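Following: one structure in structure tokens, then a few remarks.
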Amino acid sequence: MLKKVLVANRGEIAIRIFRTCKELGIRTVAVYSEADRGALHTRFADEAFQIGPPPAAESYLQMEKIIGVAKGSNCDGIHPGYGFLSENEDFAQASEDAGLIFVGPSPEAIRLLGDKIAARALAQQNGVPTVPGVGQPIQDLLTAQKAAKEIGFPLLIKAAAGGGGKGMRVVQNESELKDALTRAQSEAQAAFGDPTVFIEKFIPKAKHIEVQILSDAKNFLYLGERECSVQRRHQKLIEESPAPKLTQLLRDTICEAAIKVAKAARYKSAGTVEFLFDTEAQKFYFLEVNTRLQVEHPVTEMVTGIDIVKEQLRVAAGQTLSITQSDVRPRGHAIECRICAEDFQDQFLPSTGFIEELNLPTGPGVRVDQGISQGEHITPFYDPLMAKLIVWGENRVSAIERAKRALEEFRVFGVKTTIGFHHQAMDDALFRSGEYTTDFIKHFQPKRTLTDEELEMLALAAVLKHTQESVPFSTNSDSDASAWKRPDRV
Amino acid sequence: MKYLIEVAGRQLEVQVSRQSQTEAVVEMREKRQGVELKRVGQNYVLLLEGRSIDLGISGQNGQYKIQLAGQEYEVHVERALLQKYKQFLKQAQSAAQSEEKIVAPMPGLILKIEAQPGQHVQAGDKLVIIDAMKMENEIRAPHDGIVEKVAVQEKQQVEKGALLCSIRRVSEEP
Chain D
12 MLKKVLVANR
22 GEIAIRIFRT
32 CKELGIRTVA
42 VYSEADRGAL
52 HTRFADEAFQ
62 IGPPPAAESY
72 LQMEKIIGVA
82 KGSNCDGIHP
92 GYGFLSENED
102 FAQASEDAGL
112 IFVGPSPEAI
122 RLLGDKIAAR
132 ALAQQNGVPT
142 VPGVGQPIQD
152 LLTAQKAAKE
162 IGFPLLIKAA
172 AGGGGKGMRV
182 VQNESELKDA
192 LTRAQSEAQA
202 AFGDPTVFIE
212 KFIPKAKHIE
222 VQILSDAKNF
232 LYLGERECSV
242 QRRHQKLIEE
252 SPAPKLTQLL
262 RDTICEAAIK
272 VAKAARYKSA
282 GTVEFLFDTE
292 AQKFYFLEVN
302 TRLQVEHPVT
312 EMVTGIDIVK
322 EQLRVAAGQT
332 LSITQSDVRP
342 RGHAIECRIC
352 AEDFQDQFLP
362 STGFIEELNL
372 PTGPGVRVDQ
382 GISQGEHITP
392 FYDPLMAKLI
402 VWGENRVSAI
412 ERAKRALEEF
422 RVFGVKTTIG
432 FHHQAMDDAL
442 FRSGEYTTDF
452 IKHFQPKRTL
462 TDEELEMLAL
472 AAVLKHTQES
482 VPFSTNSDSD
492 ASAWKRPDRV
Chain X
13 MKYLIEVAGR
23 QLEVQVSRQS
33 QTEAVVEMRE
43 KRQGVELKRV
53 GQNYVLLLEG
63 RSIDLGISGQ
73 NGQYKIQLAG
83 QEYEVHVERA
93 LLQKYKQFLK
103 QAQSAAQSEE
113 KIVAPMPGLI
123 LKIEAQPGQH
133 VQAGDKLVII
143 DAMKMENEIR
153 APHDGIVEKV
163 AVQEKQQVEK
173 GALLCSIRRV
183 SEEP
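Residue numbers (this note's numbering), protein chains in the order written: chain D, 12 to 501; chain X, 13 to 186.
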């Protein structure tokens with residue numbers, strides 16, 4: 012097994028990985044930017060080193076610095092987490108060149124699957140259907156217009172090196188094409204250093220279904236699917252497993268398709284094969300492979316009882332997986348709600364600030380992977396994800412009820428959060444029906460009606476708080492007379 | 013003392029008579045009751061007859077954020093008399109403003125400025141592009157007008173609500 016692992020990441024995922032490392036007796040090293048000095052993840056590791064100024068490009072994306080810290084602190088492995096350098100083949104290669112074990116797939120697999128255009132072709136070669144589109148790079152408006160004619164509107168521009176919703180734009184008609192292309196290319200350049208985009212048909216009534224895979228290069232396992240259709244800005248907010256409204260036949264077909272792609276790419280480690288399910292045509296299409304641990308991996312851990320990070324670390328250390336396909340027996344239902352510093356009543360815009368108070372939910376079937384603690388600042392430099400709430404229930408309805416209960420216990424003060432959104436989503440008829448699609452949030456109406464009882468409670472709480480702030484109430488009977496002169500006398 | 017409470021566009025009048033530091037007798041919707049608000053650790057507990065309610069409260073001076081059963085509400089408390097006075101003042105001041113301030117809807121980095129002072133813009137024209145966490149966001153003109161002032165520079169980090177530029181409506185009269 013590895014002896015000491017550096018996690019080239021921050022926030023909840025760094026902490027998540029440290030936790031498993033600790034359980035396996037692996038020593039841990041954190042890195043942090045100036046903005047994250049003393050942040051929660053740095054306190055979870057045995058050692059912590061500062062690697063640069065707040066912007067990610069000057070800290071968490073600094074390959075040489077990070078590898079230097081890993082070597083300097085005698086690590087034998089690097090875990091990239093998700094985002095940042097996790098899908099960067101150069102980082103995987105540089106780690107290996109420096110004699111470090113990269114906890115993830117090979118640089119070749121990252122390169123092959125990281126190029127969405129190449130991954131599309133790979134899926135097609137292996138008989139896995141892809142979204143109708145033009146599997147060619149688009150460099151300029153002219154080729155984009157040509158592709159648009161071929162595919163028809165609405166269409167989706169995607170970054171070839173994409174991920175995390177960056178460099179992605181839905182285009183409804185010809186007039187939007189030029190601006191959308193410019194923005195997508197610029198975002199792709201900024202995020203991935205590569206402005207290449209391609210164009211696919213936009214499927215309006217689709218479910219996002221993905222398959223968790225695990226491989227030690229000999230054994231290829233699928234750990235079931237997750238549905239992640241509740242998204243804003245092409246980024247997921249709620250994930251669940253199993254996917255509701257998916258027939259067993261379709262589930263098996265999708266899982267097998269995922270394994271086909273993984274085998275073709277000679278994939279090793281944990282990964283996720285993403286699909287789009289067109290609910291109108293009842294067809295599924297391969298989207299892409301995420302060659303890393305995913306934000307929503309705990310959903311699968313909750314239903315399977317398998318520690319995905321532990322298996323990743325085993326495979327990285329040259330061991331085989333500790334389980335076989337027949338050990339994968341999902342039970343019950345799990346739901347994850349991403350708690351982000353965002354204002355859900357104002358287009359989910361990011362909200363920055365100081366975490367004045369933080370109360371995490373507990374109790375049966377509740378897991379919280381948090382990345383922040385009370386007293387910390389949410390800065391504009393990084394992803395707004397603060398914590399993930401994951402609940403388990405014996406079936407979907409009990410998981411939903413449990414999520415609601417836990418969300419009522421979850422309290423954050425200082426920034427706006429998505430807690431209120433999740434709480435309403437759990438009560439939403441469309442979400443509960445399981446028939447929701449990726450446009451769920453677009454049509455979601457935040458409920459603003461208060462019951463009379465709630466209104467009264469809020470009024471009483473506020474008025475009492477307000478009166479308590481004024482002159483302290485005297486209990487000294489001598490001052491009773493003068494109490495009449497106080498400004499707040501009745 | 014009488015207070016006016018406003019939550020989510022609804023108003024309520026409450027008559028409060030304090031009994032101790034935490035307790036009061038209140039009259040609301042023709043109902044008189046004894047209530048207590050106690051701080052317990054980081055939380056507050058509102059004690060009513062036959063019910064204890066767990067709440068989160070932040071803020072002060074009449075502006076509060078209260079978290080109740082998974083939702084957060086902004087609650088405004090004001091003495092009834094003061095409120096009336098303010099309303100009167102507001103009405104008196106309601107002169108139409110011809111200049112509109114365009115503010116940053118989110119914290120982020122100014123990527124590009126498309127508007128120049130003195131430039132005529134039409135509703136929907138791009139003014140500023142802000143890079144916020146994951147997206148490039150186009151801030152567009154809400155109406156036709158002339159750009160009066162550009163208050164930011166490219167590569168500048170801005171907070172939510174920071175002034176980006178202002179647009180003066182062009183008078184529609186000939």
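C-beta atoms are modelled at their ideal positions from N, C-alpha and C, and glycine is treated no differently.
None of the values given here were measured: they were computed from a predicted structure.
Check                                                                                                                                                            : Outcome
Which residues in chain D have a C-beta closer than 9 Å to the C-beta of Ile151(X)? List them in chain order.                                                    : The premise fails here: Ile151(X) is roughly 12 Å from chain D at the closest Cβ pair, so nothing lies under 9 Å.
Contact check, Gln259(D) vs Leu49(X) under 8 Å by CB: the rounded distance?                                                                                      : Not really, about 53 Å apart at Cβ, beyond 8 Å.
Mind checking whether the beta-carbon of Ala345(D) lies closer than 6 Å to any heavy atom of the ligand SAH?                                                     : Absence of the ligand SAH is noted for the structure shown, with no ligands found whatsoever.
Roughly how many whole angstroms lie between the Cα atoms of Gly316(D) and Ile17(X)?                                                                             : 49 Å
Which residues in chain D sit within 7 Å of Ala81(X), going by Cβ to Cβ distance?                                                                                : Glu419
Decide if Thr462(D) is buried, meaning its Cβ has at least 16 other Cβ atoms within 10 Å, or exposed.                                                            : exposed
Does any CB atom of chain D fall closer than 7 Å to the CB of Leu67(X)?                                                                                          : yes
From which residue to which residue does the alpha helix (DSSP H) around Thr283(D) run?                                                                          : That residue, Thr283(D), is in no alpha helix (DSSP H); its beta strand (DSSP E) goes Lys279 to Asp289.
Along chain D, in chain order, which residues have C-beta atoms closer than 8 Å to that of Lys77(X)?                                                             : Phe424
Here's the rule I'm using: 16 or more other beta-carbon atoms within 10 Å means buried, otherwise exposed. How should Pro129(X) be labelled?                     : exposed
Can you give, in chain order, each stretch of the beta strand (DSSP E) that sits fully within the stretch 132-217 of chain D and has at least 3 residues?        : 144-149, 166-170, 180-182 and 208-212
Thr311(D) lies in the beta strand (DSSP E); which residues open and close that run?                                                                              : Unbroken run through Thr311(D) is the alpha helix (DSSP H), His308 to Thr315; no beta strand (DSSP E).
Mind listing, in chain order, the continuous beta strand (DSSP E) runs of no fewer than 3 residues lying wholly within the stretch 375-414 of chain D?           : 377-381 and 396-404
Going by beta carbon distance, what residues of the same chain come within less than 8 Å of Ile151(X), once the five residues before and after it are set aside? : Ile114, Ala116, Pro117, Lys138, Leu139, Val140, Ile141, Ile142 and Leu176
For Val182(X), which three-state DSSP category applies?                                                                                                          : coil
Give the single residue among Ser481(D), Ala473(D), Thr283(D) and Gln293(D) whose Cα lies nearest to the Cα of Asp93(D).                                         : Position check: residue 93(D) holds Tyr in this sequence, whereas Asp was assumed. It is Thr283(D) whose Cα lies nearest to the Cα of Tyr93(D).
Could you spell out the range, first to last residue, of the alpha helix (DSSP H) harbouring Thr264(D)?                                                          : Gln259 to Ala275
Taking the alpha-carbon positions, what's the Val300(D) to Pro118(D) distance?                                                                                   : 14 Å
According to DSSP, is Lys496(D) part of a helix, a strand, or is it coil?                                                                                        : Confidence in Lys496(D) is poor, its pLDDT being 48 and thus under 50, which makes the residue's placement unreliable; the coordinate value appears in the next sentence. Residue state, collapsed to three classes: coil.
Consider the Cβ of Arg44(X): report whether some Cβ of chain D lies at a distance smaller than 7 Å.                                                              : no
With DSSP as the reference, please indicate the residues paired to Asn370(D) in a beta bridge.                                                                   : Arg422(D)
Does the count of Cβ pairs from the stretch 286-297 of chain D and the stretch 125-145 of chain D closer than 8 Å reach three?                                   : yes
What does the alpha-carbon distance come out to for the pair Ile430(D) and Phe288(D)?                                                                            : 28 Å
Using a cut-off of 8 Å between C-beta atoms, extract the partners of Leu471(D) located in chain X.                                                               : Val26, Val38, Met40, Val47, Leu49, Leu58 and Leu60
Would you list the residues sitting across from Asp66(X) in a DSSP beta bridge?                                                                                  : Val57(X)
Once you ignore the five residues that flank Ala81(D) on each side, which residues in its own chain have a CB closer than 6 Å to its CB?                         : Leu17, Ile89 and Leu111
Three or more beta-carbon pairs under 8 Å between the stretch 409-426 of chain D and the stretch 68-88 of chain X, yes or no?                                    : yes
Can you say whether Pro119(X) is buried or exposed, counting buried as having 16 or more other CB atoms within 10 angstroms of its CB?                           : buried
Per the contact definition of three or more C-beta pairs closer than 8 Å, is the stretch 206-215 of chain D in contact with the stretch 226-241 of chain D?      : no
Quick check: Asp318(D) and Arg27(D), are their CB atoms within less than 7 Å of each other?                                                                      : no
Mark His245(D) as exposed unless 16 or more other C-beta atoms lie within 10 angstroms of its C-beta, in which case mark it buried.                              : buried
Considering only their Cβ atoms, is the gap separating Ile179(X) from Asn164(X) smaller than 7 Å?                                                                : According to the sequence as given, residue 164(X) is Val; it is not Asn. No, the Cβ-Cβ distance between Val164(X) and Ile179(X) is not below 7 Å.
Out of Glu42(X), Leu60(X), Gln75(X) and Arg91(X), point me to the one whose CA is closest to Thr34(X)'s CA.                                                      : Leu60(X)
In this structure, does DSSP put Val326(D) in helix, strand or coil?                                                                                             : helix
What is the DSSP secondary structure of Thr53(D), counted as helix, strand or coil?                                                                              : helix
Which residues in chain X have a C-beta closer than 9 Å to the C-beta of Gly173(D)? List them in chain order.                                                    : Near Gly173(D) there are no residues of chain X at all, since even the closest Cβ is about 12 Å away, more than 9 Å.
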